[in-house]
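The letter at position 83 of the sequence shown is residue 82 when you use numbering that gives the first Met the number 0, and the numbering goes up by one with no holes.
Note that beta-carbon positions come from the ideal geometry of N, C-alpha and C, so glycine has one too.
A quick note: this is a predicted structure, and the numbers were derived from the prediction, not measured.
For reference, the structure is listed below as structure tokens.
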Amino acid sequence: MKLFHKPSKVQSLINFILVISSFCGLYVIASVLLLGTSKLVHVHFSSSQDVSIDTPTTLDHLVFGIASSKSSWPKRKEYVKLWWKKNNAMKGCVFVDSIPDEKDIASNDTSYLPPLCVSQNTSHFRYTCKGGLRSAIRVARVVAETVALNHSDDVRWYVFGDDDTVFFPENVVKTLSKYDHRLWYYIGAHSEVYEQNRLFGFGMAFGGAGFAISSSLAKVLAKVFDSCIERYPHLYGSDGRVYSCLAELGVGLTHEPGFHQVDLKGNAFGLLAAHPVTPLLSLHHLDYTDPIFPNMTTIEALQHLFKAANVDSQRVLQQTICYDRWFSWTISVSWGYAVQIFPNHMHLPDVLKVQETFKQWRKGNLLAKSYTFNTKEPHRDACKRSIIFYLDSVSSDKDGIITSYKKSFQNCSDDVASPRKLKVVKVVSDKLDLGIKQLQAPRRHCCDILPSSAHDQLEVAVRECKDEELIYMHR
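Laid out in structure tokens, this is it:
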């Protein structure tokens, strides 16, 4: 008979430690293996996902869909010529109901304009809006038909507008670059008129102002668009149909104030001179407003604006305010367009208000003259208003950019302290190149009054504001 001896307490403790150590060792080995695998997977994932983000967005990543018609294209094409890059530098198409007559299409236009595409038949769609045009269905389907053109896989954004929408393409590219095109984005702007937004929707991008849809969203929208618009025969316009279908997909509007519907008539100076701190993306309804520069036709005036845009597109219309302490003048520079000099000290918020130089879009109740921004009435006495200097010339060299502005004629008397004695304002600046963070968190620039030997000339230097710098009249 064998005798079994009880293990001692010391032996039991040793065995326990050995078992625990084994488990710990196995845990460590497994963790290292899993961590290594996870790290490899993570690196692979990041590499595949970030390739497109690391590549800057360019014009080549955009496709434009422009709505037009046989009757409007012969005249409106002059607007498109202003911004379309020649020799196939851009992608897109102008959609018409039928091809215009040969006499209305000059043979030398082809290199300066996008190609024409004939829209598909929409007669089977119902349209029941009284007082509206059923062409709104055809125009709405420009979204789906542009996507169906099957451009290359590197398309990131689809941009839509009317044939009288004047885009500033470099600024559109720059603005869209702050968004991830792989996500679902619907980007545009409201009308300037409260009543228009109330009638058609504050969540809708007004089509004439232009709007952009990320490629990932546009491809999905194109697949469901026809089935969706069947439910909206009662809507007035094309943009309402686009908005409704995007709403059904659960996507809301991302507002970009650089798109301008311009639901205004007459003199748009007040709107343009008080542009928000964001790149100018578009202008619309230019047939209904006065030429933006005096003594020019509408097209000539826009060509003049593009002279500045071609030198520094991101700075165009950017408003900068500074003060002349000696004369107590308030100077507002709307770069590439105009300089205003107020003969008195004005607090900054008062300068930023939009001067109501324009007329309302539609006659009606008070809401028809209610705007989505703060306005102020110009002084009834023209000689007590700001003195306006319009862009005359722009030049650039290695030392910077110089824009020159000449005084608009006013038959008013002046004195020694009056800014009316000035004939020219020169503005010195560097080319503006906004980074992503500056686009996401914009800040207005500052300016300084420079010494000038000429008694009839004012010189201003535009620059970035210092960290703790305030824009106000220094006493």
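Inset, instruction - Along the alpha helix (DSSP H) that carries residue 351, what are the first and last residues, could you check? - result: Along the sequence shown, read from residue 1 onward, the residue named residue 351 stands at position 352. 347 to 351 is the span of the alpha helix (DSSP H), which, as asked, contains residue 351.
Legend entry - Per DSSP, cross-strand counterpart(s) of residue 254: Start at 1 with the first residue of the sequence shown, and residue 254 comes out as number 255. Paired residue(s): 187.
Inset, instruction - Pull up the DSSP beta-bridge partners for residue 458, would you. - result: Here residue 458 refers to the residue found at position 459 of the sequence shown. Residue 458 pairs with 425, 449.
Legend entry - Supposed close pair residue 164, residue 281 - CB separation, criterion 8 Å: Taking the first residue of the sequence shown as 1, we reach residue 164 at position 165. Taking the first residue of the sequence shown as 1, we reach residue 281 at position 282. 6 Å between Cβ atoms; contact.
Inset, instruction - Check whether the Cβ atoms of residue 334 and residue 315 lie closer than 8 Å to each other. - result: Reading the sequence shown from its first residue, position 335 is the one you call residue 334. Reading the sequence shown from its first residue, position 316 is the one you call residue 315. Between residue 334 and residue 315, the C-beta spacing is below 8 Å.
Legend entry - Same chain only: Cβ atoms within 8 Å of residue 481, ignoring 5 sequence neighbours per side: For residue 481 there is no data in the structure shown, the boundaries of the chain being 0 and 474.
Legend entry - Cross-strand partners of residue 199 (DSSP beta bridge): The residue labelled residue 199 in the question sits at position 200 within the sequence shown. Paired residue(s): none; residue 199 is not in a bridge.
Inset, instruction - State the DSSP-derived secondary structure class of residue 260, mapped to helix, strand or coil. - result: Here residue 260 is taken as the residue at index 261 of the sequence shown, counted from 1. When secondary structure is reduced to three states using DSSP, residue 260 falls in the coil class, being assigned neither helix nor strand.
Legend entry - Cα-Cα separation, residue 135 to residue 69: Counting from one through the sequence shown, the residue named residue 135 turns up at place 136. Counting from one through the sequence shown, the residue named residue 69 turns up at place 70. Taking the straight line from one Cα to the other gives about 15 Å.
Inset, instruction - Out of 419, 424, 411, point me to the one whose CA is closest to residue 393's CA. - result: On the sequence shown, position 394 is the one that residue 393 refers to. When only C-alpha atoms are compared, the closest one is 424.
Inset, instruction - Note down the Cα distance separating residue 290 from residue 301, rounded to an integer number of angstroms. - result: The count along the sequence shown starts at 1 and reaches residue 290 at position 291. The count along the sequence shown starts at 1 and reaches residue 301 at position 302. Taking the straight line from one Cα to the other gives about 8 Å.
Inset, instruction - State the start and end residues of the unbroken alpha helix (DSSP H) segment that holds residue 399. - result: One-based indexing of the sequence shown puts residue 399 at position 400. It is not in any alpha helix (DSSP H) - residue 399 instead sits in the beta strand (DSSP E) that spans 399 to 406.
Inset, instruction - Identify every residue that forms a DSSP beta bridge with residue 66. - result: Taking the sequence shown and counting its residues from 1, the one referred to as residue 66 is at position 67. In DSSP, residue 66 forms a bridge with 94, 161.
Inset, instruction - Leaving aside the five residues before and after residue 276 along the sequence, list all residues of the same chain whose C-beta is less than 6 Å from its C-beta, in chain order. - result: Within the sequence shown, residue 276 is the residue found at index 277, counting from 1. Hits under 6 Å: 441, 443.
Inset, instruction - Pick helix, strand or coil for residue 131, following the three-state DSSP scheme. - result: What you label residue 131 is simply residue 132 of the sequence shown in a count that begins at 1. In this structure, residue 131 counts as coil in the three-state DSSP scheme.
Inset, instruction - Please determine if the stretch 448 to 467 and the stretch 308 to 327 are in contact, where contact requires at least 3 C-beta pairs separated by less than 8 Å. - result: Touching, yes.
Inset, instruction - Inspect the CB distances between the stretch 164 to 183 and the stretch 195 to 213 and report whether three or more fall short of 8 Å. - result: yes
Inset, instruction - Using 10 angstroms around the beta-carbon of residue 379, count the other beta-carbons present and answer buried if the total reaches 16, otherwise exposed. - result: The residue given as residue 379 occupies position 380 in the sequence shown. The residue in question, residue 379, is exposed, as its Cβ has fewer than 16 Cβ neighbours within 10 Å.
Legend entry - Reduced DSSP secondary structure (H/G/I, E/B, other) of residue 110: Position 111 of the sequence shown, counted from the first residue, corresponds to residue 110. Reduced to three states, the DSSP call for residue 110 is helix.
Inset, instruction - Could you tell me the boundaries of the alpha helix (DSSP H) in which residue 142 lies? - result: Within the sequence shown, residue 142 is the residue found at index 143, counting from 1. First-last of the alpha helix (DSSP H) with residue 142: 141 to 146.
Inset, instruction - Using a threshold of 8 Å, state whether the C-beta atoms of residue 188 and residue 256 are closer than that. - result: Position 189 of the sequence shown, counting from 1, holds the residue named residue 188. Position 257 of the sequence shown, counting from 1, holds the residue named residue 256. For the pair residue 188 and residue 256, the CB atoms are nearer than the 8 Å cut-off.
Inset, instruction - Less than 8 Å between the CB atoms is what I'm expecting for residue 242 and residue 217, so what's the real figure, rounded? - result: As a first step, residue 242 is located in the sequence shown; it is residue number 243 there, counting from the start. As a first step, residue 217 is located in the sequence shown; it is residue number 218 there, counting from the start. Their Cβ separation, rounded to whole angstroms, is 14 Å, which puts residue 242 and residue 217 out of contact at 8 Å.
Legend entry - Per-residue DSSP class, three states only, for residue 359: One-based indexing of the sequence shown puts residue 359 at position 360. Judged by DSSP in its simplified three-state form, residue 359 adopts strand.
Legend entry - Spatial neighbours of residue 235 in its chain, beta-carbon cut-off 6 Å, leaving aside the 5 residues before and after: Position 236 of the sequence shown holds residue 235. 128, 131.
Legend entry - Integer-rounded CB distance, given that residue 351 should sit under 8 Å from residue 475: The structure shown does not extend to residue 475, since the chain is modelled only from 0 to 474, so the question has no answer here.
Legend entry - Rounded straight-line distance, which links the Cα of residue 220 to that of residue 155: By one-based count along the sequence shown, residue 155 stands at place 156. By one-based count along the sequence shown, residue 220 stands at place 221. The straight-line gap from Cα to Cα measures roughly 15 Å.
Legend entry - Coarse secondary structure for residue 465, derived from DSSP in three states: Sequence index remark: in the sequence shown, residue 465 carries index 466 (1-based). Residue state, collapsed to three classes: coil.
Inset, instruction - Look at the alpha carbon of residue 357 and the alpha carbon of residue 371, and state the distance between them as a whole number of angstroms. - result: Position 358 of the sequence shown, counting from 1, holds the residue named residue 357. Position 372 of the sequence shown, counting from 1, holds the residue named residue 371. The straight-line gap from Cα to Cα measures roughly 14 Å.
Inset, instruction - Give the straight-line distance between the Cα atoms of residue 90 and residue 198, rounded to the nearest whole angstrom. - result: As a first step, residue 90 must be located in the sequence shown, where it is residue number 91. As a first step, residue 198 must be located in the sequence shown, where it is residue number 199. Looking at the two C-alpha atoms, the distance is approximately 34 Å.
Legend entry - Presumed contact (8 Å Cβ cut-off) between residue 389 and residue 407, rounded CB distance: Here residue 389 corresponds to residue number 390 of the sequence shown, with the count starting at 1. Here residue 407 corresponds to residue number 408 of the sequence shown, with the count starting at 1. Approximately 6 Å separates the beta-carbon atoms of residue 389 and residue 407; this is inside 8 Å, confirming the contact.
Inset, instruction - Kindly indicate which three-state DSSP category residue 440 falls into: helix, strand or coil? - result: Locating residue 440 in the sequence shown gives position 441, where the first residue counts as 1. Reduced to three states, the DSSP call for residue 440 is coil.
Legend entry - Endpoints, the beta strand (DSSP E) within which residue 329 is located: Position 330 of the sequence shown holds residue 329. Residues 328 to 333.
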